[in-house]
Each structure stands twice: as C-alpha cells, then as structure tokens.
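Going by this note's numbering, the sequence shown opens with residue 1344, and the numbers climb by one from there.
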Amino acid sequence: MAYSSLFRSEEMSLIQLYIPQETAPYTVAELGELGLIQFRDLNPDVNAFQRAYVKEIRRLDEMERRLRFFAAQMPKSDIEIVGDATGARARSATEIDELEEKIKEHERHITQMNDSYEELQKRYLELTEARHVLQETAEFFEEAVSRQDNIRNSFDEPTAPLLEHQDLEQGEPIAFSNLNLGFVTGVISRAKMQTFERILWRALRGNLYLKYAEIDEPITDPETDEVLEKNVFIIFAHGRELINKIRKISESLGATLYKVDDNPDQRKKSLKEITDQIEDHNSVLTNTKNARKSELVNIAEDLLVWMTIVKKEKAIYHNMNLFIYDSNRKCLIAEGWCPTNDLDQIRQTLKAATDMLGSTVPSILNELPTTKEPPTFQRTNKFTVGFQEIVDAYGVARYREVNPGLFTIITFPFLFAVMFGDCGHGVLVFLAALYFIIREKSLDKPGKDEILEMFFGGRYIILLMGLFSIYTGLIYNDMFSRTLILFPSGFVWPLNQTGQIEARQVGVYHFGIDPAWHGTDNYLLFTNSYKMKMSIILGVIQMSFGIILTIYNYTYFKKRISIYTEFIPQMLFMQCIFGYLVFTIIYKWSIDWYEKDSEGNAIHNSPPGLLNMLIYMFLQPGTVAESDKLYSGQGIVQATLLIISLICVPWMLFVKPFILRREYKKIRTQGYHNPQTDATRISTDEDNEYGGAVVAEEMLEIEEFDFGEIMVHQVIHTIEFCLGCISNTASYLRLWALSLAHAQLSVVLWDMTLKPTLDMKGIFGIIAFIIALTLWFCLTIGILLLMEGLSAFLHALRLHWVEFNNKFYEGTGRKFEPFSFEKLLKEE
C-alpha cells in the first residue's frame, strides 16, 4: 500500500466493474455513499437523449420539479422547511414508485387548493372593489344633485374646468332620463389616474364631469401577491356615444368597470348583499388557507429527505448511463479511476451491497493496465484543503507531480506576514480566525453569505497568517506602530547633549529590531535597507528551492536527461548571479565596517554599495572599484561566476534538443519507426466463471519527433527562465514595499487619531480619547486589516503562482472528481 502524502498526489488505479443488472442501482448508490470512484464514459458516441436510463432520469426530473414547487409554496404560508436529510439514502424501485405517487397526490391537493384560493381571492377582490364603488358613488350622486345646472351648462362651454373640487350642497336626486345623462363607474390604478383624466379631457373635449376617491383599504393582487393602490371613479357625460367612448378608454387603461343603479334604495340593497358575500368569502378563504397550510406543514417535515433521495437517485442513473450493458452476462460494465489505497474498501463495499440484497451473483472488480494519465487526487483535510485550493486555482498538478500545496502551508502565511508584520494586527487576525474555528460546527451550514463563506473556508489560512504576523511583528518590533521593549536595549544615548545626538552601541538586542531605532532620524533609512535585502534573500531562497524540486519530478518521471540539461545549468545560473548577491548581502552584514585598529585607524573602507557592485560585475567583469570592494580577490571570483552563468545559457538552449535528436537517430538506425499508432487495450477475465473479453479502447497517440518544434520550445523555455530570474527576483521587492506601506499607514493612523488626545486632560480629554479610540479602531479594521490584508494576500498569491510555481510546477493535470453523494449535496 502506497503512503499518502501531500508531496505527491495519490496513486490511482483504473478499475473495471461487472455489476449484475438487478443489483446495479443499489450497488452504484453504495459507491456514491463511499465517494471514491470517478467513472469513465464508455458511451462517448451515444447522444445524451438516447442512453439507457433517460426515461428514469426524466421521471426523477419531474419528481424534482414537484418538490421545488412544494419548496416555493412554503414561504407563502410562513412555513420553515425543517428536518435532517443527512441519513437519507437511495431507495429501491418499489419505494421510489410509492414516493412518486405520494408526491403526485400532494401536488394535486396543493394545486387544487391554490386554484380554489386564487379564484376566491379574485372574487373577493371584485366584491371589495364593488363595495367601495357603491360606498363612494353614493357620495358622488349626492354631490351631483346640487350640480344639475352646472353639468347642463358644461355641455355648451368648452372652457369649463375638467374637475370641480369645491364642496357641494346636497340636493334631490337628479332625473338622468330627462337629461339624457349617463355615467360610468369603476376602479383604476392610482398611478394611472392622472393619465386617465388627461386622456378623457382631450378625447371628450371637456364634456364630462369626473369625480374620484382613493381606496384606503389595502387590496392584494391574487396572482402576484402585491399590494395594489386603486381609486374609485364616476364619470357623468351626455349621450350614449360619449358613455361608450368612456368605457373603451377606461378598459384600455386597465380599469375595472362596475354597474351601479341610479336608484338610491337599490344601491343600498346591493351594498348590503355585497357586504354579506364578502363576509362569506372571507370565511371560506380562511378555511382554505388553513387547510393548505396544514398540508404544507406535513410536506415540510419530509421535504428535505425527499429532495435528497431524488437527487441521489438521479445521480445514480446519470452514472449508470456511463456504463455499457453486456447482454451475454446480463450485467453492467463500468470503468473508473480510484485511489489505489482504497481498492480494498471498494471491494468491501461491493461485497456488502451483494450481501445486503441477498444476490447470488457478486460484483467483480478488476484492475486494468493503462497508459492514460490518471486524474490528480490530493487527499486533504479541513486544515490543508484551503492551501490546496490556492494551488489548484493556479492549475491542477499533473498526476504524481510534486505538489506545491505542501510547502504553501508555511510559505504562504509567512510571506504574507513579511508584508503585514505587526503584532497587534496579527493578534486581531488570529482572533478572528480562532472565532471561525471554535464555531465551525455551527457555521458550517449551507446558505451562508458569500463573503462569510470565503472567510470561513480559509479560516486555517487566516489563523496561520495571524500567527506569522505576530512573529514578524516581534522581529520588526512593531505593535500598532508602537515599539515593544521586551529586553534591554543595545544602545545608550548620551546625556546632557543638545542638537543631533548619536547613540552608542553597547550590546545586541536579544530578538528583533532594537527599540532604540524607533523615533530616530535614520529609522526609515535603516528599516528600508534591512527589509529590501531581506526580500531579496527570501526570494532567492524560495526560487532556488523551486528549482531543487524539479529533481524530484525529473527522477519520478524518469527524465534523467533533464537533470543534466536543465536542472544543473538553471541552478548554476541562479546561484552564480543571485545566489552570489545573497552571499554579498550576508557578508556585508557580518562585517563591522567601522572597526578600528589599536592606533585608531579604520580597518575597512566605507561600506560598499551592492547595487553598483552587481551592475559593474557585468559592465566591467574582473575589475572592482576600491570603494565597492568587499573582500580580496573579488574581481576574479565575479569574473568566474559571470563566465559560468554565460556558459549555462547555451547549455540550457542546445544540449537537450541535440541529445534527443541523437537518441531518435539511434533508435531509427536500429530498425524501429515511430508512426502515429492506435493501440487497443483488451482486458480479459480469465480466472472467473464469467469469462470472456471486454474491450475498452483508448487511443495512444505517439507524436513524431520534430527537432524544430523541440528547438523552439527550448529557446522559449531558456529565454523565459533567464529573464524570469531577473524579473522574479525584482518581484520579491514587493515584500519590502508592502511592509513599508503597512508600517507607515499604521503610524499615520496613530498620529492622526489617538496621539493628539493623549495630552488632553479632564472630562473633555476622556471624551476625545474615547471618540479617537473608536475612530482609530474602525480605521484599523477597515484599512489596515481588510484592505491592506487583502493586498498582502494577493501579493503573496502572486509570489507563489508566478515566482515559485513556474520553477517546477506545470499544473496541467485534471482534478479527480469522484461520484460522491456528499459532494453532490454540498454543491447544491
């Protein structure tokens, strides 16, 4: 059994399964619960609608539609879907039939009650509007009595106003038959009232009298459940033609017209009848709503379980469509990838499924030899999965390729902390991650906010980011832009001196930057130099480590030629230039450039500038200016390193293509040829009672050797590496830049908020301090933790994806995606 490790992906096996047809659904369901097999499609040329189990899938789709319909009905009745579906397993065909009938019956009841409720609501809406029309028009008629002369005169005066809003005196009922005066009553949306009024005025040229009133009672649309705002209106006009015109205009604008009798006694009788009907409808609506809610409550108790069962059943048949049917053996044949370490567990699952059903025909598992590249499976846990996702976002590793995820667990939070280094900020980040970890059981539920889901998924990454930030903050001696005095300082300040003074070194601070540096005139100059050089050192170390990792890939994939033609010249090139730069940085740090001999004369020259040294190493090889000299013989050493690095370029460029060309010619001279071939792999069960050959074909494309193509590839690779070494090393300077920006922003926040209030006294000082502390804390969270933290995160991501991964990582594999119910339900 192979040992599982994040260093390489799991070893995978291509397996072939013979599953008896009668036990296939249950067996596949058990494999879905196990979640360890990624099935291959053995019917690639068969249309999705022509496969064996399309009928079953359509049937389950219809069941799923009905369940979604039930779920959509729950909020309308204020019902919460409860229950636990974690233990819901796939069911037998008989149980699915029973479940389907049960769901159909529930749907029929709910649909009937919905239709009935909607019709009742529509009728209730009509009755409510009719009641308001009768109530409001009663007042309109009373006003119209006292306006008989005005209405008659308005027919002959085109300049008469459209509406008369002044209060009217009550009078006797108007004789409409004598006046040939008609009216239209109805209800219209309040938003359309002004438009309605304007159109009537223009169409009838002012020959009308319109009165309207708002309906204060909320009216609900039975189709959309929206609250409607409507107005009751009555329009008086002279002549049948005008009345018909008003009706058409009203209906075109969506108004609902109601017939109202001009007899007051008849109107009162109609109002009483409608009021009684409304009470009856209200009672029926309440009973229907309660009955529907009772039905939905019963459904809600089992809805999650039903949905889980249907999803699992559908997934089973989707995977069974990938199998082929052997009519001779009356069994289904499946192929798929699985981790080699889990083969015994899969065999036990197959045996348990056979025993559970009491079948006399067992399922058979065979391992198949293959030349196809398996999918990549990195076995992770809740701690490592976040780091692996960072790598997979760049690209999934090739099968058995060295996995950067293992090293990212440490290097990613560390490089983040180099840019984010502050003890106080690190503690806040650590506590935030600790909160997610402590409450991970209650928070690990579906339906979380997308931002919260992102933070929760990366809780262990954030935890390490906080811990490393505390560590680097201690090294920088920085806590909310303030210094920590944990040990005695290594510097002593002279007493009784004015003007610019200089501290005298009397020792070495035990850990991190000496607090004596904080607040000095040259503090920024010192930290800039320190962080810049540290960034170069960290960058060269990480990139060199990436080049070293190529040995493990070359060795595993038996590419020994690449060790001599790529790894060695790449490592020499990197170390002769940038490794040497790291050496000079450390060497310069180790020398006391201001040391004097017994006579008080300087032993060394002034500290040389390493940037000038590196530039003139290429411009004037072999010669070093006295001011730039670090050690004796420096010119010869630098010239030698330069020559070696220059030799490495043609070494990387030409050696490998010509060796491959020689090997190819050697094979050709021995009588072999290298055409494109189609190889068919045939696996035969020889040792079981179900003997016979089952063919699983795969195309093995063997590419022709093309020297020109290989040469172009090598040229691109060499140029990319050489230029990349320079640009990638410079890219690590972002560690210095962001660390500087973070520290200066922290100082600015302190100086602009808290610092001015520290000298204030009395009650005013206390109030000012509390306000300033609140403002400082909010800005610290918003700017330094969230914005700066996100910036440092993205820059650390870039350093891993580009500067580190491209030294050894191809990332061209395909992810192992097993048939797993757990994964299926989590995604949905």
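Built from N, CA and C at the ideal position, the CB exists for glycine as well.
Distance from the CA of Lys-2104 to the CA of Ile-1880, rounded to the nearest whole angstrom, comes to 49 Å. In the DSSP assignment, Pro-1682 forms a beta bridge with Met-1355.
In terms of Cβ geometry, Leu-1385 and Ile-1733 do not form a close pair [threshold 8 Å].
Contact annotation: the segment 1973-1986 does not touch the segment 1877-1891, with fewer than three C-beta pairs closer than 8 Å. Leu-1585 is positioned such that its CB atom lies no closer than 8 Å to that of Arg-1474. Contact holds between the segment 1739-1748 and the segment 2143-2162, because three or more Cβ pairs, one in each stretch, are under 8 Å apart.
Note: Pro-1363 is bridge-paired with Cys-1674 in the DSSP secondary-structure output. Going by beta carbons, Leu-1989 and Phe-1350 fall outside the 8 Å limit. If the five residues before and after Gln-1381 are omitted, its C-beta is found closer than 8 Å to the C-beta atoms of Gly-1679, Trp-1680, Cys-1681, Pro-1718, Phe-2159, Glu-2160, Pro-2161 and Phe-2162, all from its own chain and listed in chain order. Annotated as proximal: Ala-1696 and Thr-1370, with beta-carbon spacing under 8 Å. Within its own chain, the residues whose Cβ lies closer than 8 Å to the Cβ of Val-1397, once the five positions on either side in sequence are excluded, are Ala-1391 and Asn-1664, listed in chain order.
The C-alpha of Glu-1407 lies about 54 Å from the C-alpha of Thr-1815. Counting along the chain, no beta strand (DSSP E) covers Lys-1535, and no H or E run does either. Annotation for Leu-1711: no alpha helix (DSSP H) segment contains it, though the beta strand (DSSP E) segment containing it runs 1707-1711. In its chain, beyond the 5 residues on either side, Ile-1879, Ile-1880 and Val-1883 have a beta carbon closer than 7 Å to the beta carbon of Val-1925. Secondary structure of Ala-2086 (DSSP, three-state): helix. Of the other Cβ atoms in all chains shown, 16 or more fall within 10 Å of the Cβ of Thr-1751; this residue is therefore buried. Counting C-beta pairs closer than 8 Å gives three or more between the segment 1992-2004 and the segment 1891-1910, which meets the contact rule.
Our two residues, Ile-1592 and Leu-1470, have alpha carbons roughly 23 Å apart in a direct line.
For Val-1570, the three-state secondary structure derived from DSSP is strand. The Cβ-Cβ distance between Leu-1360 and Ala-1677 falls below 8 Å. In this structure, Leu-1551 sits near Ala-1580, with a CB-CB distance shorter than 8 Å. Of Leu-1477, Met-1650 and Leu-2128, the smallest CA-CA separation from Phe-1412 is found for Met-1650. Ranked by Cα distance from Thr-1893, the options Pro-1912, Met-1877 and Lys-1876 are led by Pro-1912.
Residue range 1397-1416 is occupied by the alpha helix (DSSP H) that includes Ala-1415. With a cutoff of 8 Å on beta-carbon distance, Ile-1453 and Arg-1635 are scored as near each other. Cβ atoms of Ile-1562 and Leu-1571 come within 8 Å of each other, at about 5 Å.
Relative to the Cα of Gly-1426, the nearest Cα in the group His-1853, Glu-1373, Val-1389 and Ile-1642 belongs to Ile-1642. Pairing Gly-1889 with Ile-1439, the inter-Cα distance amounts to about 55 Å. Pairing Ile-1986 with Gln-2057, the inter-Cα distance amounts to about 21 Å. Rounded to whole angstroms, Glu-1656 and Leu-1675 show a C-alpha spacing of 17 Å. The straight-line gap separating the alpha-carbon atoms of Thr-2117 and Leu-1774 is approximately 19 Å. Within the same chain, Leu-1973 and Tyr-1974 come within 8 Å of Tyr-1930 by CB-CB distance, once the 5 residues on both sides are set aside.
Tyr-2075 has its alpha-carbon roughly 18 Å from the corresponding atom of Phe-1916. Apart from the 5 residues on each side of it in sequence, Ile-1818 sits with its Cβ closer than 6 Å to the Cβ of Gly-1855 in its chain, given in chain order. When the Cα atoms are used, Thr-1727 and Ser-1348 turn out to be separated by approximately 11 Å.
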